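Heads up: the sequence lines are chains Y and X, in that order. The letter at position 246 of the first sequence is residue 250 when you use this note's numbering, and the numbering goes up by one with no holes. The letter at position 162 of the second sequence is residue 168 when you use this note's numbering, and the numbering goes up by one with no holes. Just below is one structure, and these are the notes that go with it.
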Amino acid sequence: MRPGEISYRHAEPVMGTVVSIDVRPQGLPMASTRAAVARACEVLHRADEMFSLYKPESPLSRLRRGEIELEECPAEVSDIVTLCEQAKVASDGWFDPWRLPGGFDPTGLVKGWAAAEAAHVLEAAGVGAGMVNAAGDIASFGRPSHRDAWRVGIRTPESPDLLSCVIDLRGSVATSGRYERGDHVWDVVAGRPAAGVASATVCGPDLVLADAFATGLVAAGSAGLDAVTGAGYQALLLLEDGESVATAEFPSLSAV
Amino acid sequence: MKRAPIVLTGTAAGLIAVIGYHAATPQAALTSGTSAGPGASTLNVGGTSTTASSSATKSSAATAAKTAKTTTASSAQTTRSAVGSDVQFQYGDMEVKVTMTGSRITDVSVVKADVYDQHSYEINQYAIPYLKTEALKAQSASIDGVSGASYTSAAYEQSLQSAIDKLKA
């Protein structure tokens with residue numbers, strides 16, 4: 005940080021995790037900055053209310069039990085369904101929340117969506133630059149005043165204390181991995197938990213799509229990379245045998 | 007090409023931002039006491055408090071500490087540990103231990119994590135260290151964040167907070 009640049013950080017416990025927000029007001033008064041961060045947090049909590057599967061009365065939980073129809077849900081729920089459809093098409097079917105055990109489960113996409121919405125709120129409020137990190141899925145806008153981009157480390161699958169590489173981030177980055185919640189990434193094509201890819205990291209303009217690609221790539225492996233680059237995104241796969249595969253323009257600053 | 011990981015070094019002072027405890031380092035960040043919601047905020051002007059504490063550690067210890075565990079106090083600061091309350095959560099129950107040197111958190115570990123099934127065991131194995139990662143990343147002046155798949159438990163935070171409260175009392 006260059007001397008003089010103000011950084012305001014906030015950590016919000018929400019969605020079963022902690023979302024950290026780092027904003028650089030870059031001219032916006034501090035009172036307005038704080039107010040913007042508070043509104044961004046409201047967005048995160050609303051997403052949690054809508055989509056938590058741990059809350060039996062959330063609209064998504066009720067939809068999955070068949071108690072209500074999609075038309076009866078808040079508008080955000082149908083927005084998410086539409087985004088899931090788009091992500092399924094873009095990923096050549098590798099991301100498919102309809103083919104998961106237990107029925108339609110868009111939660112793989114919701115965390116990134118909520119972080120992106122929170123980032124939009126901050127940007128619209130006039131915050132100069134900011135980063136919303138929803139437990140590893142990051143939406144950013146602008147840049148720190150002394151650098152061309154945000155600098156983000158990608159953790160290794162083996163240890164949260166180790167980084168595989170550091171990237172120059174413009175836009176969004178999402179990482180999915182088998183270490184996340186056991187074998188929670190489901191290979192929808194083979195009909196079993198995914199194996200082979202330890203983690204997949206995807207960078208690009210939109211966090212929702214990056215998140216969907218990352219989830220899909222854990223199942224698809226290298227076979228899914230064409231769909232990712234075709235959509236204008238870049239990916240890094242860390243394989244269980246210790247090898248790694250990155251697309252040509254993956255913004256890595258250090259060897260992986 | 008085989009991967010060669012980058013080791014994150016430093017102490018766990020960054021955890022402060024996550025769990026709502028503010029250390030009093032010499033160049034400490036201004037604390038925002040008016041933030042909305044249950045989260046914690048810090049306001050940093052011209053250099054973060056974590057940067058200050060990392061460089062202080064390096065300059066005071068000729069043999070640079072590699073991990074939080076081996077970081078030692080350079081002066082008369084005392085090192086104390088406390089175990090937080092046993093907190094029940096969705097998949098079991100856990101206790102978190104925190105170690106502080108002076109006013110800085112220097113280590114966080116899970117001393118007990120009883121879980122109900124294999125799936126929960128995996129969650130604990132792979133996901134609980136996430137907050138520690140957040141803490142460690144904040145020590146590194148050269149990066150702004152860490153991307154990685156994760157899952158965290160409110161029980162972890164709760165037990166950690168109670169351990170810190172014990173040390174502060």
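Every residue gets a Cβ at the ideal spot worked out from N, C-alpha and C, and that includes glycine. Please read these numbers as outputs of a predicted model, since none were measured by experiment.
Would you grab the beta carbon distance between A120(Y) and V212(Y) for me? Rounded to a whole angstrom, and I think it's under 8 Å.
Going by Cβ atoms, the distance from A120(Y) to V212(Y) rounds to 6 Å, so yes, they are a contact pair.
Against chain Y, does S87(X) count as a neighbour if the rule is that its beta carbon must be under 8 Å from one of theirs?
no
Proximal residues, the region 118 to 138 of chain Y versus chain X, C-beta separation under 7 Å:
M135 and N137
Within 8 Å (strictly less), CB to CB, does I158(Y) reach chain X?
Chain X, which has a Cβ nearer than 8 Å to the Cβ of I158(Y), makes this yes.
Bridge partners of I84(Y), per DSSP?
DSSP output for I84(Y) lists no bridge partner at all.
Would you list the one or two residues that DSSP bridges to V114(Y)?
DSSP lists no partner for V114(Y).
Can you tell me whether Y58(Y) is buried or exposed, with buried defined as 16 or more other CB within 10 angstroms of its CB?
exposed
Assess, as a yes-or-no matter, whether the region 226 to 243 of chain Y is touched by the region 106 to 117 of chain Y under the definition of 3 or more beta carbon pairs within less than 8 Å.
no
Touch test, the region 51 to 70 of chain Y against the region 23 to 40 of chain Y, Cβ-Cβ under 8 Å, three pairs minimum
no
Please confirm if G186(X) has its CB atom under 8 Å from at least one CB of chain Y.
Within the shown structure, residues of chain X are numbered from 7 to 175, placing residue 186(X) beyond reach of any answer.
Any heavy atom of the ligand MN within a distance shorter than 7 Å of the CB on G228(Y)?
In the structure shown, the ligand MN is absent, as is every other ligand, since no ligand is present at all.
Whole-number beta carbon distance between G225(Y) and L241(Y), since they are thought to touch under 8 Å:
7 Å
So is G140(Y) in contact with chain X if we call contact Cβ pairs under 8 Å?
yes
Looking only at its own chain, which residues have a Cβ that is under 6 Å from the Cβ of A129(Y), when we skip the five neighbours before and after it?
A40
Just to confirm the assignment: which complete beta strand (DSSP E) runs, minimum length 3, are found wholly within the region 111 to 177 of chain Y?
133 to 138, 141 to 145, 154 to 159 and 166 to 173
According to the neighbour-count rule (16 or more other Cβ atoms, all chains shown, within 10 Å of its Cβ), is M34(Y) buried or exposed?
It is exposed - the Cβ of M34(Y) has fewer than 16 other Cβ atoms within 10 Å.
Would you please verify whether the beta carbon of T179(Y) is less than 8 Å from any beta carbon of chain X?
Judged by the 8 Å Cβ criterion, T179(Y) is in contact with chain X.
Any Cβ of chain Y within less than 8 Å of the Cβ of K64(X)?
Confidence is the limiting factor: at K64(X) the pLDDT is only 32, short of 50, which leaves the residue's position unreliable, though a coordinate-based value still follows. Taking Cβ atoms only, chain Y never reaches closer than 8 Å to K64(X), which makes this a no.
Checking 8 Å against the spacing of the C-beta atoms, do V340(Y) and I84(Y) come in under that value?
This structure does not reach residue 340(Y), given that chain Y is present from 5 up to 260, and the question cannot be answered.
From the beta carbon of R155(Y), is the nearest beta carbon of chain X less than 8 Å away?
yes
Just how far apart, CA to CA, sit P1(Y) and G151(X)?
Because chain Y here runs from 5 to 260, residue 1(Y) falls outside it and cannot be looked at.
Compare the Cα-Cα distances from R151(Y) to each of G140(Y), A133(Y) and E162(Y) and report the closest residue.
Here the closest residue by C-alpha is A133(Y).
In the DSSP assignment, the alpha helix (DSSP H) including R50(Y) goes from what residue to what residue?
M34 to F55
Buried or exposed, going by whether 16 or more other CB atoms sit within 10 Å of the CB of A80(Y)?
The residue you asked about is not Ala; residue 80(Y) is Glu in the sequence shown. Buried, since its Cβ has 16 or more Cβ neighbours within 10 Å.
Drop a sphere of 10 angstroms on the beta-carbon of W117(Y), count the other beta-carbons inside from all chains shown, and report buried for 16 or more, exposed for fewer.
In this structure W117(Y) is buried. Its beta-carbon is surrounded by 16 or more other beta-carbon atoms within 10 angstroms.
Taking just the CA atoms, how far does T37(Y) sit from V131(Y)?
7 Å
Could you pull the start and end residues of the beta strand (DSSP E) that A214(Y) belongs to?
It is not in any beta strand (DSSP E) - A214(Y) instead sits in the alpha helix (DSSP H) that spans L211 to A224.
Limits of the unbroken beta strand (DSSP E) element including S62(Y):
Per DSSP, S62(Y) belongs to no beta strand (DSSP E) and is neither H nor E.
Report the neighbours of P105(Y) on chain X: residues whose CB is nearer than 9 Å to its CB, in chain order.
Correct list: empty, because the minimum Cβ distance to chain X is about 12 Å.
Could you give the first and the last residue of the continuous beta strand (DSSP E) run that contains L229(Y)?
Looking at the DSSP string, L229(Y) is not in any beta strand (DSSP E); the run it does join, the alpha helix (DSSP H), is L229 to G234.
From S153(X) to A252(Y), what distance separates their C-alpha atoms?
20 Å
Secondary structure at E266(Y), three-state DSSP: helix, strand or coil?
The structure shown has nothing for residue 266(Y), since chain Y only spans 5 to 260.
Which word fits T86(Y), buried or exposed, when buried means at least 16 other C-beta atoms lie within 10 angstroms of its C-beta?
exposed
Under 8 Å Cβ-Cβ, which residues of chain X neighbour D100(Y)?
Those within 8 Å of D100(Y) in chain X number zero; the least Cβ separation is about 18 Å.
Over what stretch of residues does the beta strand (DSSP E) that includes C207(Y) continue unbroken?
DSSP places C207(Y) inside the beta strand (DSSP E), whose first and last residues are V201 to G208.
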